[in-house]
Amino acid sequence: MWSMDAERGPLTQMRRGVVEYCVLALLSRREQYGLELISVLTRHDLIAGEGTVYPLLSRLSKQGLVESTWQESPAGPPRRYYKVSDEGAAAVERFARDWAQLSKSVDQILAGEAESA
Numbered sequence: 005m006w007s008m009d010a011e012r013g014p015l016t017q018m019r020r021g022v023v024e025y026c027v028l029a030l031l032s033r034r035e036q037y038g039l040e041l042i043s044v045l046t047r048h049d050l051i052a053g054e055g056t057v058y059p060l061l062s063r064l065s066k067q068g069l070v071e072s073t074w075q076e077s078p079a080g081p082p083r084r085y086y087k088v089s090d091e092g093a094a095a096v097e098r099f100a101r102d103w104a105q106l107s108k109s110v111d112q113i114l115a116g117e118a119e120s121a
């Protein structure tokens, strides 16, 4: 059941459900390091800070959905760059199909277009 209190409402739970696939989608476009991902996700109000991304990247790596390499940085220490694996790319494709259907269904219900049973 959804928590409806002010601090942990439905929007927070929805964000948690999609941020993994947003990370995979971003990485399917190009290699990125953690702070790049954090910047994009924060700009789009999907995360509140970096405490979400690094554990997620570790989990995605263990699941074989992303791969990482260390690369020298022109400014500062080496950075770990992440890219989506073939399995991760397939997960993004499945999510895109599922999301399109889910959002269409929810939009229809919210617009009052759902048929009664």
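First residue of the sequence shown? That's 5 in our numbering, and the numbers climb one at a time after it.
C-beta: ideal position from N, C-alpha, C; glycine also.
Values in this document were obtained by computation on a predicted structure and should not be read as measured data.
For residue i, the first and last residue of its enclosing alpha helix (DSSP H)
i	result
E40	38-47
L30	14-33
Close-in-space but distant-in-sequence residues of the same chain around residue i (CB under 7 Å, 5 per side omitted)
i	result
E40	none
G80	none
Same chain only: Cβ atoms within 6 Å of residue i, ignoring 5 sequence neighbours per side
i	result
Y85	E35, Y37, T73, Q75
L64	V70
Y25	F99
Contacting residues, own chain, Cβ-Cβ under 8 Å from residue i (five flanking each side not counted)
i	result
G92	L28, L31, S32, L64, G68, L69, V70
G53	I42, T46
L60	V23, E24, V27
query: Quick one: complete beta strand (DSSP E) runs, 3+ long, within the segment 55-98?
result: 70-75, 83-88
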